[in-house]
Amino acid sequence: MSLVERQDTINTDSLVWDGGQGSVGDYIALLKPRVMSLVIFTAFVGMMLAPGQLHPVIGGVALLCIAIGAGASGALNMWYDADIDQIMSRTAKRPIPAGKVSRDEAFAFGITLSIGSVATLGLLVNWFAGAFLAFTIFFYVIVYTMWLKRSTPQNIVIGGAAGAFPPMIGWASVTGGVSLESFVLFLIIFIWTPPHFWALALFKNADYKAAGVPMMPVVAGENSTRNQILGYSLVLVPLAVSPYFIGFAGIVYGVASAGLGAAFLGLAVNVWRLREGEPARKATTRLFAYSIFYLFMLFAILLAESLVAGL
1 MSLVERQDTI
11 NTDSLVWDGG
21 QGSVGDYIAL
31 LKPRVMSLVI
41 FTAFVGMMLA
51 PGQLHPVIGG
61 VALLCIAIGA
71 GASGALNMWY
81 DADIDQIMSR
91 TAKRPIPAGK
101 VSRDEAFAFG
111 ITLSIGSVAT
121 LGLLVNWFAG
131 AFLAFTIFFY
141 VIVYTMWLKR
151 STPQNIVIGG
161 AAGAFPPMIG
171 WASVTGGVSL
181 ESFVLFLIIF
191 IWTPPHFWAL
201 ALFKNADYKA
211 AGVPMMPVVA
221 GENSTRNQIL
231 GYSLVLVPLA
241 VSPYFIGFAG
251 IVYGVASAGL
261 GAAFLGLAVN
271 VWRLREGEPA
281 RKATTRLFAY
291 SIFYLFMLFA
301 ILLAESLVAG
311 L
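Below is the structure:
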């Protein structure tokens, strides 16, 4: 049975889509707050690194709009993916498959937040940033969620661009445009996404297989996925150091990013080397956990250098 055929057999009748008893917490869960927190942070770093200044109130509005736009994308993602979310252990307790929020409510919530965040960012900050946010929402919901996720093992590679746009939107909020520096910030997150997410996919492989989602381990196999994790890691580590060589990061960032990257590469080598049993599982979970810390630290050090330079 092909993945497409497998997807068609998913029983959507068992989903509780006629909810309406959702709490505030359930609607917050629709926003994917953990993902939103990373979006807010990387967008803020983009704003702080950008040349020029925004009034603090306008800057706060810009950041809030970017956060709400990211949350809207999450809600629309859960609306569309409710059928496969009920199958996977990682997502079965989300508000829609748990029967706490209906699909229609999630859709209306996501659309309202999308329009509101884009319009507010455009009207109060600048329309380039507003249009960029609109494109990001479109890319995540239409291109990634509705098309790529269920059709190709390259889903997270191409679709990962949506999660890499926030620092560029933050930069655009200040400058009204983009630059080489903001594009490098985008590339760091873009190249980081496959090894980060494929590490998760390796130890959640059974979930994706059951749901019929063609993640790389399901389609190409776990060994091929490990090879690709290592390949992307080899590109990521020098790329993450490049802000120092380009000239928009200092020596502290240069040294720290090299050290952090060496640790990332070491964990990726372990994932590539350990291919069976509990040691292999532990290697993938360690890489997944460290990858979050790694990206956070890269942007935190960029932010700290920017703040010190501004004193």
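Here the sequence shown stands for residues 1 to 311, numbered as in UniProt numbering.
Where is the CB? At the ideal position from N, CA and C, for every residue including glycine.
Excluding its 5 nearest sequence neighbours in each direction, Ile68 has C-beta neighbours in its own chain below 6 Å: Leu113 and Ser117, listed in chain order.
The C-beta of Leu148 has 16 or more other C-beta atoms within 10 Å across all chains shown, which makes the residue buried. Between the region 43–52 and the region 302–311, the count of Cβ pairs shorter than 8 Å is three or higher; the stretches touch.
Here Leu187 has Leu239 as same chain residues with Cβ atoms under 7 Å from its own Cβ, once five neighbours each way along the sequence are excluded. The three-state secondary structure of Gly99, taken from DSSP, is coil.
The residues Tyr244, Glu305 and Ala309, in chain order, have a CB closer than 8 Å to that of Gly250 in the same chain once the five nearest residues on each side in sequence are set aside.
About 4 Å separates the CB atoms of Ala50 and Val174; that is less than 8 Å, so the two are in contact. In the three-state scheme derived from DSSP, where H, G and I count as helix and E and B as strand, Ser23 is classed as coil.
Here Met215 is not near Ile142, since their CB atoms are 9 Å or more apart. By the Cβ test, the region 90–100 is in contact with the region 24–32, since at least three Cβ pairs between them sit closer than 8 Å. With contacts defined by Cβ atoms closer than 9 Å, Leu202 and Glu181 do not form a contacting pair.
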